[in-house]
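Here the structure comes first, spelled out in structure tokens, and everything after it is commentary.
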Amino acid sequence: MKLFIDTGSVAEVEEIAAWGVLSGATTNPSLLAKEQDADPGESIRRICELVDGPVSGEVVSDNVRDMVAEGHALAGLDDRVVVKVPFGSEGLAATRELVSNGIPVNMTLVFSAAQALLTAEAGASYVSCFMGRLDDISIDSESVVGEIVDALGPDRDAQVLAASIRHPMHAVIAAKLGCEVATIPGKVLKQMLGHPLTESGITRFTDDWTSRPEFGEWLRGLVEQSTAASR
Ligand code: E4P
């Protein structure tokens with residue numbers, strides 16, 4: 203499963219892209235609106251450079267004509283932009299039109315397998331199912347995402363993108379269910395890093411190694427030799 207970052211913050215993408223694990227990013231109007239003094243177009247362009255993969259930017263109009271116009275404008279920001287379109291009859295029609303103009307679409311706010319089937323038929327590249335928001339209203343997100351993956355079948359063209367990820371287990375569940383992508387907030391990506399046994403293990407290795415100073419000397423020498431040889 204590919205990992206995207208779900209954010210409107212360039213600084214957050216800069217920090218986490220350096221880990222080398224991001225294949226793309228998603229923004230939405232709420233995430234971009236949180237970034238005071240940032241220009242949304244500049245943010246989307248910079249995020250495209252940083253992740254060097256698909257970056258979703260969302261349309262906000264409620265009619266097909268304006269959704270399509272906004273979609274074209276967003277796609278013009280960078281070749282890596284994927285236009286995010288909210289689910290609904292207008293959104294489906296806008297998706298069909300954008301896709302037929304060669305613009306990839308991420309259909310967002312999908313909460314059921316029935317909606318996912320319509321989304322795939324409209325030609326969307328990504329079907330974004332919001333796990334956290336389902337759990338918030340006591341609908342089990344795991345079974346809904348599982349139904350979507352099953353309904354679209356193994357030979358699907360549309361990729362199932364798990365969104366509204368609130369904790370590391372959502373990401374693990376999405377991967378086990380066969381989602382192609384999960385888009386994950388920076389805070390949750392950081393939670394995925396940590397494990398007390400990793401931290402205590404590193405401390406123990408470091409302490410044992412530094413208890414033998416001559417080993418430290420040896421490793422420094424080895425690094426110097428290898429650096430000199432590669433010049
Ligand atoms: C998806 O692309 C959305 O940006 C996002 O996952 C929404 O999640 P939320 O429920 O945390 O707002």
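Per our numbering, the sequence shown starts with residue 203, numbered consecutively. A virtual CB, placed ideally from N, CA and C, is assigned to each residue, including glycine.
Beta carbon of residue i nearer than 8 Å to that of residue j
i      : j      : result
Val284 : Met309 : no
Thr385 : Ile207 : yes
Ser245 : Glu237 : yes
Gly325 : Val301 : yes
Met203 : Glu426 : no
Ser258 : Thr229 : yes
Arg282 : Gly334 : no
Ala295 : Val266 : yes
Val307 : Ile249 : no
Val351 : Gly380 : yes
Ala316 : Leu354 : no
Val270 : Phe289 : no
Glu299 : Asp264 : no
Beta-bridge pairing of residue i - partner residues as DSSP gives them
i      : result
Gln361 : Tyr328
Trp283 : According to the sequence provided, residue 283 is Val. The question's Trp does not apply to it. Val257.
Lys389 : DSSP lists no partner for Lys389.
Ala384 : Leu205 and Ala364
Val307 : Val285
Per-residue burial, residue i [other beta carbons within 10 Å of its own, 16 or more giving buried]
i      : result
Leu196 : Because the chain in this structure spans residues 203 to 433, residue 196 falls outside the shown range and cannot be described.
Val437 : For the chain, the structure presents residues 203 to 433; residue 437 sits outside this window and is missing.
Ile305 : buried
Thr412 : exposed
Val261 : buried
Ala431 : exposed
Thr209 : buried
Leu421 : exposed
Leu320 : buried
Gly418 : exposed
Phe407 : exposed
Element boundaries [alpha helix (DSSP H), containing residue i]
i      : result
Ile375 : Pro370 to Leu379
Phe313 : Element bounds for Phe313: n/a, residue is neither H nor E.
Thr400 : Pro398 to Thr412
Gly348 : Ser343 to Leu354
Ile218 : Val212 to Ala219
Asp338 : Met333 to Asp338
Val425 : Pro415 to Ala431
Bounding residues of the beta strand (DSSP E) (the contiguous stretch that carries residue i)
i      : result
Lys236 : Neither: Lys236 is in no beta strand (DSSP E) and is coded neither H nor E.
Gly278 : No beta strand (DSSP E) holds Gly278; DSSP gives it neither H nor E.
Leu224 : Neither: Leu224 is in no beta strand (DSSP E) and is coded neither H nor E.
Cutoff 8 Å: residue i Cβ touching any chain D Cβ
i      : result
Cys331 : You won't find chain D in this structure, because it holds only one protein chain.
Tell me whether the segment 353-366 and the segment 323-337 touch, counting them as touching only if at least three CB pairs, one residue from each stretch, are closer than 8 Å. Flag = yes, the segment 353-366 and the segment 323-337 touch.
How do the segment 369-379 and the segment 341-352 stand: do at least 3 beta-carbon pairs fall below 8 Å, yes or no? Taking 8 Å as the limit for Cβ pairs, the verdict is that the segment 341-352 does touch the segment 369-379.
For the 8 Å Cβ check, are there 3 or more pairs between the segment 413-423 and the segment 391-400? Contact fails: fewer than three Cβ-Cβ distances are below 8 Å.
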